[in-house]
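In our numbering, the protein residues as written are 1 to 635. From the three backbone atoms N, C-alpha and C, an ideal C-beta is built for every residue, glycine too. Notes to accompany the following structure.
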């Protein structure tokens with residue numbers, strides 16, 4: 001059953017046209033974007049399944065995000081509000097000021113040999129310079145790849161090795177509650193690990209964090225190069241040229257470089273801002289995420305600026321900076337109309353302030369809608385947020401790969417009744433279906449694999465960086481003619497989609513997709529460990545958390561607490577603190593099939609207190625029974 005088609009209404013008509021007349025629908029949507037050469041056709045399917053949108057169009061994404069608003073006479077409107085609860089400070093940039101800073105940094109990159117098609121790694125905290133660097137790359141046609149500042153040197157090195165950037169842009173460090181995270185030692189170590197490091201490293205010095213570019217020969221200071229640079233003019237690129245690479249965890253442990261194009265991305269972001277979020281020029285939107293993640297790319301930086309809105313960039317936490325009223329303060333101070341955050345943040349606020357006493361201190365009357373994504377919005381959290389804020393709470397579902405919502409309640413097109421636990425219906429352009437393991441569609445209310453019929457709409461991934469074979473193998477081969485989301489769920493008789501969870505071994509920790517395979521590789525490298533499994537188990541705050549199960553080598557004598565502390569430190573060093581790996585249980589053996597496959601799904605079911613069926617292929621039932629006893633005794 002398709003997740004669509006009530007018989008009438010604006011949504012039904014938009015969805016029908018997006019499927020039956022995609023050329024007309026997406027060319028009409030493209031008229032909201034400024035083009036150097038308007039495309040004569042929407043879709044090139046000549047190399048299917050490697051589809052391309054707007055194949056004969058050309059444009060510049062930075063021009064659409066900044067220049068055209070200044071040219072339209074809105075240069076004095078606020079484009080970006082930087083609010084740091086860590087410093088603390090608030091800075092505002094008008095469209096004209098942001099354009100000046102972006103043009104100058106683009107000039108600084110160009111003067112160091114960065115040209116269209118070159119890659120630039122951006123490894124920065126939540127400061128305005130991160131957005132400026134992204135837009136500067138777009139201005140000169142360079143391809144940016146933002147790496148979350150919490151990742152360890154090894155993870156950063158893997159991304160540098162794959163992207164082969166001409167430059168790395170970073171900062172002296174980030175600020176967390178109670179600690180300072182120094183970036184430069186990690187950058188230095190990462191560059192030591194790669195075979196061909198980039199020649200240019202530019203560092204934004206933050207006075208709150210030790211370290212500066214001056215400490216390392218050849219590294220450049222951000223403020224100096226910007227002050228000396230000539231502003232760069234925008235470079236027109238093909239709509240099909242890449243705008244950015246964003247790495248996401250792969251089940252093999254090697255990160256996958258998701259590629260986003262310029263033209264399809266600009267159209268999709270613009271369409272989604274108006275139809276999903278109901279945000280346009282002059283509106284104030286706050287996406288409480290990080291530019292290192294896809295949500296930050298789409299709805300901190302590009303989406304709001306493409307439609308001339310004001311975007312809020314927040315450096316802080318939902319609680320602890322300084323308290324559970326942090327979100328409410330930001331909404332009041334900046335007049336936020338739409339807030340987009342992860343369910344994890346809502347659960348953290350509720351845990352710290354269950355009676356919402358902090359909310360009573362602030363006037364949040366400007367807030368009209370709360371959007372949630374990044375993980376499943378459980379019905380209990382939905383009901384709490386709806387009752388507490390007394391505004392619509394809109395769950396929507398999407399992925400790093402898609403770049404924007406697969407399913408949503410389209411508040412700007414046609415708001416629909418909410419069903420708790422569902423992100424509502426398929427967004428126009430997405431043909432969502434539920435299939436069994438053989439690819440056959442299943443009846444309504446039957447759980448199965450969620451797939452999307454090809455071609456995917458504009459703004460979704462065009463492939464993986466220099467790896468078409470892996471792209472097809474990872475996403476398109478399991479169910480021919482469809483993109484496999486890797487999620488399971490069902491569609492009810494009304495067309496509402498219910499996403500139940502991941503069907504692979506990539507877990508979702510507070511909205512961050514992390515590979516358990518990468519964590520297993522780290523744990524397995526400990527000299528005391530014979531074999532191990534890391535699974536994602538339910539967590540009331542973060543959605544999921546990684547839990548490690550370890551079999552020790554024969555004759556090893558190590559205290560459980562010592563082993564745990566060492567493994568936690570190793571994962572933190574090699575994956576990063578974002579993994580939040582803390583649970584380690586020593587077991588006598590791991591349950592396996594006769595072919596040697598570890599039964600991770602069954603382990604997850606045991607840890608989550610779910611009913612499970614002993615697989616017929618199990619090698620030794622007694623091992624499974626013993627594991628269950630160990631897990632229960634450790635709780």
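Roughly how many angstroms lie between the CA atoms of residue i and residue j, to the nearest whole one?
| i | j | result |
| --- | --- | --- |
| residue 206 | residue 263 | 35 Å |
| residue 57 | residue 305 | 21 Å |
| residue 337 | residue 209 | 33 Å |
| residue 179 | residue 126 | 15 Å |
| residue 466 | residue 292 | 21 Å |
| residue 267 | residue 133 | 22 Å |
| residue 323 | residue 543 | 22 Å |
| residue 10 | residue 602 | 44 Å |
| residue 387 | residue 353 | 14 Å |
| residue 443 | residue 367 | 39 Å |
| residue 286 | residue 574 | 32 Å |
| residue 2 | residue 629 | Any reading at residue 2 must be qualified, since the residue scores a pLDDT of 42, below 50, and its modelled position is unreliable; the value itself is stated next. Cα to Cα, the separation comes out at about 42 Å. |
| residue 88 | residue 82 | 10 Å |
| residue 534 | residue 517 | 7 Å |
| residue 440 | residue 483 | 14 Å |
| residue 53 | residue 24 | 13 Å |
| residue 361 | residue 152 | 39 Å |
| residue 244 | residue 259 | 6 Å |
| residue 290 | residue 557 | 42 Å |
| residue 34 | residue 76 | 20 Å |
| residue 64 | residue 131 | 15 Å |
| residue 44 | residue 55 | 6 Å |
Just curious, the alpha helix (DSSP H) that residue i is in, first and last residue?
| i | result |
| --- | --- |
| residue 371 | Counting along the chain, residue 371 falls outside any alpha helix (DSSP H), though it belongs to the beta strand (DSSP E) covering 369–372. |
| residue 379 | 379–389 |
| residue 270 | 263–275 |
| residue 334 | 326–334 |
| residue 565 | 560–574 |
| residue 634 | 621–634 |
| residue 130 | 128–139 |
| residue 17 | 10–20 |
| residue 468 | 468–471 |
| residue 160 | 153–163 |
| residue 187 | 184–193 |
| residue 343 | 343–352 |
| residue 88 | Per DSSP, residue 88 belongs to no alpha helix (DSSP H) and is neither H nor E. |
Taking Cβ positions, are residue i and residue j nearer each other than 8 Å?
| i | j | result |
| --- | --- | --- |
| residue 170 | residue 194 | no |
| residue 239 | residue 261 | yes |
| residue 497 | residue 396 | no |
| residue 527 | residue 536 | no |
| residue 42 | residue 27 | yes |
| residue 318 | residue 309 | no |
| residue 394 | residue 432 | no |
| residue 124 | residue 141 | no |
| residue 598 | residue 631 | no |
| residue 288 | residue 345 | yes |
| residue 400 | residue 514 | no |
| residue 183 | residue 455 | no |
| residue 110 | residue 232 | yes |
| residue 295 | residue 312 | no |
| residue 398 | residue 459 | no |
| residue 203 | residue 167 | no |
In this structure, what does DSSP give as the bridge partners for residue i?
| i | result |
| --- | --- |
| residue 463 | 259 |
| residue 204 | 171 |
| residue 592 | 598 |
| residue 100 | For residue 100, which the question treats as bridged, DSSP gives no partner whatsoever. |
| residue 424 | Beta-bridge pairing links residue 424 to no other residue. |
| residue 441 | 435 |
| residue 498 | 490 |
| residue 544 | 538 |
| residue 179 | 176 |
What are the boundary residues of the beta strand (DSSP E) that includes residue i?
| i | result |
| --- | --- |
| residue 449 | 448–453 |
| residue 313 | 310–315 |
| residue 285 | 284–287 |
| residue 395 | 393–395 |
So does residue i have its beta carbon nearer than 7 Å to some heavy atom of the ligand GTP?
| i | result |
| --- | --- |
| residue 12 | Among the ligands in the structure shown, none appear at all, so the ligand GTP cannot be discussed. |
Step through the CB atoms of chain C and report whether any lies within less than 8 Å of the CB of residue i.
| i | result |
| --- | --- |
| residue 492 | Of the protein chains in this structure there is only one, and it is not chain C. |
task: Take every Cβ of the stretch 92–105, pair it with every Cβ of the stretch 205–216, and state whether three or more of those distances are shorter than 8 Å.
output: no
field: Segment contact, 8 Å Cβ cut-off, at least three pairs: the stretch 106–123 with the stretch 140–147
entry: yes
message: Between the stretch 580–595 and the stretch 156–173, can you find at least three pairs of beta-carbon atoms closer than 8 Å?
response: no
message: Taking contact to mean 3 or more Cβ pairs, one atom from each stretch, closer than 8 Å, check whether the stretch 69–87 and the stretch 104–116 are in contact.
response: no
- prompt: Quick one: any contact between the stretch 484–491 and the stretch 443–456, if contact means 3 or more CB pairs under 8 Å?
  reply: yes
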